[in-house]
Amino acid sequence: MERVDNLTPFAAVDLLSLDFEDRQLVVVVVAARFTMPSPAQKGRLPTTADEQRPVPLADEYCGDARASSLRCEGQTTHIRPGTDIYLEGHAWAPNGRPSERSTVSLAVGRA
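FYI, the numbering for the sequence shown is 6 to 116, going by this note's numbering.
Next up, the structure:
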């Protein structure tokens, strides 16, 4: 079977799978990492991160899988009705002052 050539700077895998009628298919998963601009760089776009991690094939947890939250879902399922987006990083409180809580949001596409 012909494989997929990855011509992007991102991590990618092609996985052989079966659909619900047992027909063979190839699932292509691309994992792209970006660096978000700091609050002082308002209006700047994200840039491609220097480090591109491999596509996660198994679930990854923040700590012990029995007692922590899911960090990233493994990408081996053949059902991919949409796009998974994970935000990982640090939030800055408004004006750099300590805060007990803050709202963090992520928008994809045109604002």
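Beta carbons: idealized from backbone N, C-alpha and C, even for Gly.
Small disclaimer: the values here were computed from a predicted structure and weren't measured.
- In the DSSP assignment, Cys77 falls within the unbroken beta strand (DSSP E) covering 75-77.
- Burial of Val60 is indicated by the presence of at least 16 other C-beta atoms within 10 angstroms of its C-beta.
- Relative to Arg58, the option among Ser74, Asn100, Val18 whose CA is nearest is Val18.
- Going by DSSP, Val34 is part of the beta strand (DSSP E) stretching over 29-36.
- Residue nearest to Val34 within the set Asp24, Ser74, Leu62, Ala72 is Leu62 (criterion: CA-CA distance).
- In the three-state reduction of the DSSP assignment, Ala16 falls in the strand class, which pools E and B.
- Contact between Asp64 and Leu75 holds, since their C-beta atoms are separated by about 6 Å, short of 8 Å.
- One alpha carbon belongs to Gly101, the other to Val32, and they sit about 44 Å apart.
- Ranked by Cα distance from Pro51, the first of Asp24, Arg8, Leu92, Asp27 is Leu92.
- Of Thr40, Ser22, Ala16, Ala36, the smallest CA-CA separation from Ala54 is found for Thr40.
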